[in-house]
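S.K.:
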Amino acid sequence: MPLRRFALLSLCVLLAACSKLNQENYSKLKTGMAKAEVETLLGSPTECSGAAGFSSCTWGDQQTFISVQYAGDKVLMFSGKGLK
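Under our numbering, the first residue of the sequence shown is numbered 222, with each subsequent residue one higher.
#1: With three or more C-beta pairs closer than 8 Å as the rule, is the stretch 264-276 touching the stretch 244-252?
#2: I think Lys241 touches Gly264, with their Cβ atoms under 8 Å apart; what is that distance to the nearest whole Å?
#3: Can you tell me the Cα-Cα spacing of Ser276 and Gln244, whole angstroms?
#4: Which partner residues does Ala272 have in the DSSP bridge list?
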C-alpha cells in the first residue's frame with residue numbers, strides 16, 4: 222500500500238511541475254498576440270466570455286490564474302496571480 226501512495230504522490234508532483242500556468246509562460250505573453258498563439262502557450266482556457274468583438278479568457282483558479290483580454294483575435298491586455 223505505501224508504494225501506491227508514493228506513486229500517486231509522485232504523479233501529483235510531476236503534474237504540478239508540468240503546469241503551463243507559470244511565470245515563464247506569463248512572460249512570453251505580448252499584446253497583439255493571436256488567440257491561437259496564447260492557446261498554444263497556455264492550453265485550453267478554463268473559461269471565456271465576451272461580446273461585441275471583445276472577449277476575456279482565464280486559465281486556472283482563484284489562487285493561481287492567467288487572464289487574457291482580447292479585441293477581436295488579438296491580445297489587448299493580460300494579468301496573472303500566484304504564478305511560480
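Glycine is no exception: its CB is placed at the ideal position from the N, C-alpha and C atoms.
M.R.: The short version:
#1: The stretch 244-252 vs the stretch 264-276: no contact.
#2: Right, the Cβ-Cβ distance comes to about 5 Å (below 8 Å), so this counts as a contact.
#3: It is roughly 23 Å from the alpha-carbon of Ser276 to the alpha-carbon of Gln244.
#4: Looking at the DSSP assignment, Ala272 forms a beta bridge with Phe275.
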